[in-house]
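Below is one structure, written out as structure tokens, with a few remarks after it.
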Amino acid sequence: MDKKTVVETTINGEQIEFLCEPRQSLLEVLRDELGMTGSKEGCLTGDCGACTVIIDGRATCSCLMLGVEAQGHKIETIEGLANGAQLHPLQQKFLENASLQCGICTPGILMSAKALLDHNPTPSEAEIRYALAGNLCRCTGYDKIVRGVLDAAKAVASKAA
Amino acid sequence: MHAINYEAPKTLKDAVALLAQYGDKARPLCGGTDLIIQLRAGVRRPEHVVDVKKIPELRQVSFDPKKGLRLGAAVAAIEIHENADLRRYFPGLSEAAHLIGSNQIQGRASVGGNLCNGSPAADTIPALIALGAQCRVAGPKGERLVAAENFCTAPGRTVLQPGEILVEFQIPAPAAHSADAYLRFIPRNEMDIAVVGVGASVTLDLDEDRCTEARIALAAVGPTPIFASKAGAALKGKKLDAATIERAAKLAVEQSSPIDDMRGTAEFRRHLVGVLTRRTLALAIARARMA
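Which chain is which? The protein sequence lines are G and P, in order. FYI, in our numbering the residues of the first sequence are 1 to 161. FYI, in our numbering the residues of the second sequence are 1001 to 1291.
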């Protein structure tokens, strides 16, 4: 019953194989087996979004997915967002706009925002608020987060132009 | 979470064989947005979890304006909302799927899972009932079709027997000048469970200015989703004036049997059934005139 299974995935562009028990969530695997503690455990019920990662291009709560379900899928986590010392525009603009205070929700929010910008590089404020509806923050009141995402979208657009 | 055995069969035949072998010790897993929470809370304790997402029949969407829609049980809510045909021909179902939780949840949750979870407050079930959806079920003894309104039997319970699996929904082709709609009441804009939900579909005869067919279904006002058959029947053959719609709303209220709970009192819910039945019908009628 507790037999561990080999799971082959791509995490942040790297082919990664891990061993896990079927009962372990992807979040547990990332944090406890792979030492990737950037994704946070919040509610464990899919309400808070602190554990958000991107699976095959879609924002997903890693607490509501079994590690074994990741077989053959492409996973992006907060650890892969920056390119070495070069921050992702979202990270840079979150710093400039003070879009975080305690920071627990931030990795999940950044991954939701990245999934949004990957699909829709020029979102409206309303689209940003809908895209982040599954990420709770008790510190900022959200306004600075929304401004951070808007600024990041502008930065990406001006770079591309 | 307790220890589980996980299997992900690639064919419907293998899935049915596994589910039949494990009987009531198994539970199908689709998006996991209900099941994984229930496993963690110990509400459901299956020894075997059978992931149904790799079975091709459960993942396909095929729509033909003449033949209708076949919607795989495991198609994610977000894929339904992104599908232009579904948005155009079944806007009520598309919007109901788009109301389930956040982006993160919609990427995983499926309409099949929403139905099999058996919640009386599930948003997509009234939309399915309104559209006259038939649920194709496969099991060790063969296949059967179950009307969506007969699928749920009690909170968290359905007609599925051990070994059976929900494969797809079969929804009739939309008639000319027909449309559906689903509206729910929640005390905020997004991310909540329905206090009341109402789904409706109507077909109009524009020459005669009459309704030729109407189906109405209710969420969160009984132990299961409710097919308000009398409310729909009251519209059939009638000119859809305010008095007729008011009568249908009244019949929908009569067919509801809500309770008091943290989301609202029974009295408030009965009031909402009337309000939402009128609004949902108005939306479906406006759409049907354009369709």
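No residue lacks a Cβ here, since even glycine has one placed at the ideal position from N, Cα and C.
Measuring straight from C-alpha to C-alpha, what distance separates residue i and residue j?
{"i": "Arg1040 of chain P", "j": "Val1049 of chain P", "result": "13 Å"}
{"i": "Lys1250 of chain P", "j": "Met1290 of chain P", "result": "27 Å"}
{"i": "Leu110 of chain G", "j": "Arg138 of chain G", "result": "16 Å"}
{"i": "Pro1096 of chain P", "j": "Asn97 of chain G", "result": "The sequence given here has Ala at residue 1096 of chain P, not Pro. Going from the Cα of Ala1096 of chain P to the Cα of Asn97 of chain G covers about 36 Å."}
{"i": "Gly38 of chain G", "j": "Gly108 of chain G", "result": "9 Å"}
{"i": "Asn12 of chain G", "j": "Gly57 of chain G", "result": "12 Å"}
{"i": "Ala126 of chain G", "j": "Lys144 of chain G", "result": "14 Å"}
{"i": "Gly66 of chain G", "j": "Pro1162 of chain P", "result": "According to the sequence provided, residue 66 of chain G is Leu. The question's Gly does not apply to it. One C-alpha to the other measures close to 23 Å."}
{"i": "Ala1214 of chain P", "j": "Ile1125 of chain P", "result": "16 Å"}
{"i": "Leu1272 of chain P", "j": "Ala1228 of chain P", "result": "14 Å"}
{"i": "Gly1232 of chain P", "j": "Leu44 of chain G", "result": "41 Å"}
{"i": "Thr9 of chain G", "j": "Leu19 of chain G", "result": "11 Å"}
{"i": "Ala1121 of chain P", "j": "Ala1154 of chain P", "result": "12 Å"}
{"i": "His1177 of chain P", "j": "Glu17 of chain G", "result": "54 Å"}
{"i": "Ile1259 of chain P", "j": "Gly1023 of chain P", "result": "33 Å"}
{"i": "Glu1007 of chain P", "j": "Glu33 of chain G", "result": "21 Å"}
{"i": "Ile1216 of chain P", "j": "Phe94 of chain G", "result": "47 Å"}
{"i": "Ser1094 of chain P", "j": "Leu100 of chain G", "result": "35 Å"}
{"i": "Val1253 of chain P", "j": "Ser124 of chain G", "result": "40 Å"}
{"i": "Ala59 of chain G", "j": "Thr1212 of chain P", "result": "43 Å"}
{"i": "Ala1288 of chain P", "j": "Val1159 of chain P", "result": "33 Å"}
{"i": "Leu117 of chain G", "j": "Glu14 of chain G", "result": "22 Å"}
{"i": "Arg1136 of chain P", "j": "Glu1047 of chain P", "result": "26 Å"}
{"i": "Ala1173 of chain P", "j": "Asn1103 of chain P", "result": "29 Å"}
{"i": "Ser62 of chain G", "j": "Gly1031 of chain P", "result": "12 Å"}
{"i": "Arg1044 of chain P", "j": "Ile78 of chain G", "result": "32 Å"}
Assign residue i to buried or exposed, taking buried as 16 or more other Cβ atoms, counted over all protein chains shown, within 10 Å of its Cβ.
{"i": "Gly1107 of chain P", "result": "buried"}
{"i": "Gly46 of chain G", "result": "buried"}
{"i": "Gly103 of chain G", "result": "exposed"}
{"i": "Asp1123 of chain P", "result": "buried"}
{"i": "Glu1079 of chain P", "result": "buried"}
{"i": "Gln24 of chain G", "result": "buried"}
{"i": "Asn1189 of chain P", "result": "exposed"}
{"i": "Asn135 of chain G", "result": "buried"}
{"i": "Val1221 of chain P", "result": "buried"}
{"i": "Asp1209 of chain P", "result": "exposed"}
{"i": "Glu69 of chain G", "result": "buried"}
{"i": "Met1262 of chain P", "result": "exposed"}
{"i": "Thr1011 of chain P", "result": "exposed"}
According to DSSP, is residue i part of a helix, a strand, or is it coil?
{"i": "Phe1169 of chain P", "result": "strand"}
{"i": "Ser158 of chain G", "result": "helix"}
{"i": "Tyr1006 of chain P", "result": "strand"}
{"i": "Ala1282 of chain P", "result": "helix"}
{"i": "Gln15 of chain G", "result": "strand"}
{"i": "Val1075 of chain P", "result": "coil"}
{"i": "Arg1027 of chain P", "result": "strand"}
{"i": "Leu1115 of chain P", "result": "helix"}
{"i": "Glu1082 of chain P", "result": "helix"}
{"i": "Leu66 of chain G", "result": "strand"}
{"i": "Arg1195 of chain P", "result": "The amino acid at residue 1195 of chain P is misidentified as Arg; the sequence shows Val. Looking at Val1195 of chain P - three-state DSSP - the assignment turns out to be coil, as it is neither helix nor strand."}
{"i": "Thr45 of chain G", "result": "coil"}
{"i": "Tyr130 of chain G", "result": "helix"}
{"i": "Tyr1089 of chain P", "result": "helix"}
{"i": "Leu81 of chain G", "result": "coil"}
{"i": "Gly57 of chain G", "result": "coil"}
{"i": "Ala1266 of chain P", "result": "helix"}
{"i": "Ala152 of chain G", "result": "helix"}
{"i": "Leu1272 of chain P", "result": "helix"}
{"i": "Tyr1182 of chain P", "result": "strand"}
{"i": "Leu100 of chain G", "result": "coil"}
{"i": "Gln86 of chain G", "result": "strand"}
{"i": "Ser112 of chain G", "result": "helix"}
{"i": "Ser1229 of chain P", "result": "helix"}
{"i": "Asp1241 of chain P", "result": "coil"}
{"i": "Lys74 of chain G", "result": "strand"}
{"i": "Ser1110 of chain P", "result": "strand"}
Please determine whether the Cβ atom of residue i lies at a distance below 8 Å from any heavy atom of the ligand GDP.
{"i": "Asn135 of chain G", "result": "Absent from the structure shown: the ligand GDP. Ligands present: none."}
Handout entry: Runs of alpha helix (DSSP H) wholly within the segment 1124-1158 of chain P (minimum 4 residues, chain order)
Key = 1124-1130
Exercise for the section: Give, in chain order, every residue of the segment 1042-1060 of chain P whose Cβ lies closer than 9 Å to some Cβ of chain G. Expected result: Glu1047, Val1049, Asp1051, Lys1053
Practice task
Determine which residues of the segment 1118-1152 of chain P have a Cβ less than 7 Å from any Cβ of chain G, and write them out in chain order.
Solution key: none
Problem - Near-chain G residues of the segment 1186-1205 of chain P (beta-carbon distance less than 8 Å), N- to C-terminal order - result: Those would be Glu1190, Met1191, in chain order.
Exercise for the section: Could you run through the segment 48-63 of chain G and flag, in chain order, every residue whose CB is less than 7 Å away from some CB of chain P? Expected result: Taking 7 Å as the Cβ-Cβ cut-off against chain P, the residues of the segment 48-63 of chain G that qualify are Gly49, Thr52, Arg58, Ala59, Thr60, Cys61.
Practice task
Compile a chain-ordered list of the residues in the segment 120-134 of chain G whose CB is closer than 8 Å to at least one CB of chain P.
Solution key: Tyr130, Ala131, Ala133, Gly134
Problem - Residues, ordered as in the chain, of the segment 1003-1015 of chain P that lie near chain G by beta-carbon distance below 8 Å - result: For the segment 1003-1015 of chain P, the set of residues with a beta-carbon nearer than 8 Å to any beta-carbon of chain G comprises Ala1003, Ile1004, Asn1005, Tyr1006, Ala1008, in chain order.
Practice task
Give, in chain order, every residue of the segment 17-45 of chain G whose Cβ lies closer than 9 Å to some Cβ of chain P.
Solution key: Glu21, Pro22, Arg23, Gln24, Ser25, Leu44, Thr45
Problem - Positions along the segment 1261-1282 of chain P whose CB lies within less than 8 Å of some CB in chain G - result: Closer than 8 Å at the C-beta level to chain G, one finds no residue of the segment 1261-1282 of chain P.
Practice task
Could you tell me which uninterrupted beta strand (DSSP E) segments, each at least 3 residues in length, are contained entirely in the segment 1031-1069 of chain P, listed from first to last along the chain?
Solution key: 1048-1051, 1061-1064
Practice task
Using a Cβ-Cβ cut-off of less than 7 Å, list which residues of the segment 1013-1034 of chain P approach chain G; keep chain order.
Solution key: The segment 1013-1034 of chain P vs chain G, Cβ under 7 Å: Gly1032, Thr1033.
Practice task
Give the residues from the segment 1073-1106 of chain P that approach chain G closer than 8 Å (Cβ to any Cβ), ordered along the chain.
Solution key: Going along the segment 1073-1106 of chain P in chain order, one finds Ile1078, Gly1101, Ser1102, Asn1103, Gln1104, Ile1105 with a Cβ nearer than 8 Å to chain G.
Practice task
Give the residues from the segment 63-96 of chain G that approach chain P closer than 7 Å (Cβ to any Cβ), ordered along the chain.
Solution key: Leu64, Met65, Leu66, Val68, Glu69
Handout entry: Positions along the segment 94-115 of chain G whose CB lies within less than 8 Å of some CB in chain P
Key = Ser112, Ala115
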